[in-house]
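S.K.:
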Amino acid sequence: MQPIIIESDDFGMTIPISRAIITGLKTGVISTTNAQVTSPHFEMSAALAQQHGITAMGLHLVLDKDRPISQPLTIPSLVNPAGFCHAYQTLQTHPEQLAIADVKREFQAQIDRFLASGLQLTHLTSHHFVATLTPEIYAIVLELAQTYHVPVRNETAQQTPYLTPQEIKRQLTQKNLVGTPVILSHIGYLSAELRHKSRLTTNRLAEFNALKTLKQTNYWDQFSWQLTDYSELGAK
Numbered sequence: 553m554q555p556i557i558i559e560s561d562d563f564g565m566t567i568p569i570s571r572a573i574i575t576g577l578k579t580g581v582i583s584t585t586n587a588q589v590t591s592p593h594f595e596m597s598a599a600l601a602q603q604h605g606i607t608a609m610g611l612h613l614v615l616d617k618d619r620p621i622s623q624p625l626t627i628p629s630l631v632n633p634a635g636f637c638h639a640y641q642t643l644q645t646h647p648e649q650l651a652i653a654d655v656k657r658e659f660q661a662q663i664d665r666f667l668a669s670g671l672q673l674t675h676l677t678s679h680h681f682v683a684t685l686t687p688e689i690y691a692i693v694l695e696l697a698q699t700y701h702v703p704v705r706n707e708t709a710q711q712t713p714y715l716t717p718q719e720i721k722r723q724l725t726q727k728n729l730v731g732t733p734v735i736l737s738h739i740g741y742l743s744a745e746l747r748h749k750s751r752l753t754t755n756r757l758a759e760f761n762a763l764k765t766l767k768q769t770n771y772w773d774q775f776s777w778q779l780t781d782y783s784e785l786g787a788k
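Numbering (this note's numbering), first residue to last: 553 to 788.
1. Measure the alpha-carbon distance for Q662 versus V702 and round it to whole angstroms.
2. Applying the criterion that 16 or more other CB atoms from any shown protein chain within 10 Å of the CB defines a buried residue, is L696 buried or exposed?
3. Distance, Cα to Cα, W777 vs M553?
4. Using 8 Å for Cβ pairs, my map puts H738 next to E759. What's the rounded Cβ distance?
5. Measuring alpha carbon to alpha carbon, tell me which residue in T674, K656, L736 is nearest L615.
6. Mind checking which residues open and close the alpha helix (DSSP H) that includes F594?
7. Tell me whether the stretch 562–569 and the stretch 583–596 touch, counting them as touching only if at least three CB pairs, one residue from each stretch, are closer than 8 Å.
8. Going by beta-carbon coordinates alone, are E658 and S622 separated by less than 9 Å?
9. Return the first residue and the last residue of the beta strand (DSSP E) that D773 is part of.
10. May I ask you to report which of helix, strand or coil DSSP gives T563?
11. By alpha-carbon positions, which one of Q723, P717, D664, P555 ends up nearest to Q768?
12. Are the stretch 634–651 and the stretch 601–621 touching by the rule of at least three beta carbon pairs closer than 8 Å?
13. Measuring only the C-alpha atoms, how far is I606 from I574?
14. Let me know if K727 comes out buried or exposed under the rule of 16 or more other beta-carbons within 10 Å of its beta-carbon.
15. Quick check on this structure: which residue in F636, P647, R722 has the alpha carbon closest to the alpha carbon of P687?
16. Per DSSP, what kind of secondary structure is V704 in: helix, strand or coil?
17. Could you check where the beta strand (DSSP E) with L736 kicks off and where it finishes?
18. So, for K578: in the same chain, excluding its five sequence neighbours on each side, which residues have a beta-carbon less than 7 Å away from its beta-carbon?
19. Please state the DSSP three-state secondary structure of T677.
20. Do you know offhand how far T732's Cα is from R722's?
21. What three-state label does DSSP hand I582 in the structure shown?
22. Between the Cα of A651 and those of V631, D664, F666, spot the shortest distance and give me the residue it belongs to.
23. Drop a sphere of 10 angstroms on the beta-carbon of A762, count the other beta-carbons inside from all chains shown, and report buried for 16 or more, exposed for fewer.
24. Quick check: the Cα distance between S591 and V693, rounded to an integer number of angstroms?
25. Going by beta carbon distance, what residues of the same chain come within less than 6 Å of P555, once the five residues before and after it are set aside?
Structure, rendered in structure tokens:
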């Protein structure tokens, strides 16, 4: 059997998303997730996870849109006058304006918030792939990963509006597939709040159903895939 990681992003963004991810983990539809600690729902979501026996997951590092964990005055290059992180479009257009010291301070604060919840850190990822905005930001993420002895996810964007069984099969049949593949998903239950926080809304339910279908049809077993998580990979 070949190992494969099925990951769902954005744990903690909303309570319905967190509940869907918990269900996905407990039923074997997905094998890991990552937490967005800048969300006001993170603490409750972390408590829900631990109530269901989920004690470890990754951290989804955030640099855009949310209120940062650090005091805004200590990371001036990362925030707007209202004290919120810049919109992602601003980061894309002017990544050179982000002071590396500010990025490192905020990422460390997010790690500290995560660990304070009692969850065990298994790996690092980033929201909207902000870790890859500049080589300097990526170097910070690698440094933190080495400090905490966890791997960093290799981040690539999906090629379809939402994950489908066909897209998963396409990813797994690429000729250049090396190492343990990661299927990135965004599962969740819908809510009014979600429509104000993310462009991914009904897509989350569609992806959840697609992954349920693969499990129900024994797709992974048929092609000798064994679901795993980052704990078996070690720091990279």
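Even for Gly, the Cβ is constructed at its ideal location relative to N, Cα and C.
Quick caveat: nothing in here was measured; it's all calculated off a predicted structure.
M.R.: Looking at the atomic coordinates:
1. Looking up residue 662 in the sequence shown gives position 110. Looking up residue 702 in the sequence shown gives position 150. Separation of Q662 and V702 (C-alpha to C-alpha, rounded to the nearest whole angstrom) is 15 Å.
2. Reading the sequence shown from its first residue, position 144 is the one you call residue 696. The residue in question, L696, is buried, as its Cβ has 16 or more Cβ neighbours within 10 Å.
3. Taking the sequence shown and counting its residues from 1, one reaches residue 777 at position 225. Taking the sequence shown and counting its residues from 1, one reaches residue 553 at position 1. Cα-Cα distance, rounded: 5 Å.
4. Translated into the one-based positions of the sequence shown, residue 738 becomes position 186. Translated into the one-based positions of the sequence shown, residue 759 becomes position 207. The beta-carbon distance between H738 and E759, rounded to whole angstroms, is 6 Å. This is short enough to meet the 8 Å contact definition.
5. Here residue 615 refers to the residue found at position 63 of the sequence shown. Nearest C-alpha to L615: K656.
6. As a working mapping, residue 594 is identified with position 42 in the sequence shown. F594 -> alpha helix (DSSP H) spans 594–603.
7. Contact between the stretch 562–569 and the stretch 583–596 is present, with at least three C-beta pairs closer than 8 Å.
8. What you label residue 658 is simply residue 106 of the sequence shown in a count that begins at 1. What you label residue 622 is simply residue 70 of the sequence shown in a count that begins at 1. Yes, these two residues count as a Cβ contact at 9 Å.
9. As a first step, residue 773 is located in the sequence shown; it is residue number 221 there, counting from the start. Careful: D773 lies outside any beta strand (DSSP E), inside the alpha helix (DSSP H) at 771–774.
10. Mapped onto the sequence shown, residue 563 falls at position 11. The question names Thr, but residue 563 in the sequence shown is Phe. DSSP, reduced to helix, strand and coil, places F563 within a strand of the structure shown.
11. Indexing the sequence shown from 1 puts residue 768 at position 216. The option with the nearest alpha carbon to Q768 is P717.
12. Yes, the stretch 634–651 is in contact with the stretch 601–621.
13. Counted from its first residue, the sequence shown places residue 606 at position 54. Counted from its first residue, the sequence shown places residue 574 at position 22. Each residue's alpha carbon lies about 8 Å from the other.
14. Taking the first residue of the sequence shown as position 1, residue 727 is located at position 175. The predicted model places K727 with a pLDDT of 49, which falls under 50 and marks its position as unreliable; any figure quoted below should be read in that light. Under this definition K727 is an exposed residue.
15. Locating residue 687 in the sequence shown gives position 135, counting from the first residue. Considering only alpha carbons, the answer is P647.
16. Position 152 of the sequence shown holds residue 704. Assignment of V704 by DSSP, reduced to helix, strand and coil, places it in the strand class.
17. Translated into positions along the sequence shown, residue 736 becomes position 184. Note, L736: beta strand (DSSP E), 734–737.
18. Locating residue 578 in the sequence shown gives position 26, where the first residue counts as 1. Excluding sequence neighbours, K578 sits near H604.
19. Stepping through the sequence shown from its first residue, residue 677 is reached at position 125. The answer is strand: DSSP assigns T677 an E or B state.
20. Counted from its first residue, the sequence shown places residue 732 at position 180. Counted from its first residue, the sequence shown places residue 722 at position 170. For T732 and R722, the distance between alpha carbons rounds to 15 Å.
21. Counting from 1 along the sequence shown, the entry for residue 582 is found at position 30. DSSP places I582 in coil when its eight states are reduced to three.
22. By 1-based counting over the sequence shown, the position of residue 651 is 99. The residue with the shortest Cα to Cα distance from A651 is V631.
23. Stepping through the sequence shown from its first residue, residue 762 is reached at position 210. A762 counts as buried, since at least 16 other C-beta atoms from the protein chains shown sit within 10 angstroms of its C-beta.
24. Taking the sequence shown and counting its residues from 1, the one referred to as residue 591 is at position 39. Taking the sequence shown and counting its residues from 1, the one referred to as residue 693 is at position 141. If I take the Cα positions, the gap works out to 20 Å.
25. Position 3 of the sequence shown, counted from the first residue, corresponds to residue 555. Same-chain partners within the cutoff: T732, Q778, T780.
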